[in-house]
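As structure tokens, the structure follows; a few thoughts come after it.
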Amino acid sequence: MGRAKRGLYTGRHIQFFNRVAKAAVISMSRRTWKPNIQEKRLFSYILDFRPPYLS
């Protein structure tokens, strides 16, 4: 299983599908969507540091 399928983005996956042109049914191209991930900063008063967090 490749990196894209393992879900390196907090359990979300890169999605793939074939895009078909309107004029020619035969021509297709591969399309990918990467997940919209932003890095957030939190502060834990109990642990007294900023743990890394992706959403």
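Numbered per our numbering, the sequence shown spans residues 7 to 61.
Cβ atoms here follow ideal geometry from the backbone N, Cα and C, with glycine treated the same way.
For residue i and residue j, I'd like the C-alpha separation in whole angstroms.
{"i": "M34", "j": "H19", "result": "22 Å"}
{"i": "F23", "j": "I32", "result": "15 Å"}
{"i": "Q21", "j": "P57", "result": "28 Å"}
{"i": "L53", "j": "R47", "result": "14 Å"}
{"i": "S50", "j": "W39", "result": "33 Å"}
For residue i, which residues of its own chain have a beta-carbon under 6 Å away from its beta-carbon, when the five flanking residues on both sides are left out?
{"i": "R25", "result": "S35 and R37"}
{"i": "F55", "result": "none"}
Suppose the cutoff is 7 Å on Cβ atoms and the five residues either side in sequence are ignored; what does the same chain contact list for residue i look like?
{"i": "K28", "result": "none"}
Problem - Sequence ranges, beta strand (DSSP E) only - wholly within the region 29-61, length at least 3 - result: Within the region 29-61, the complete beta strand (DSSP E) runs of at least 3 residues are 34-39, 45-47 and 58-60.
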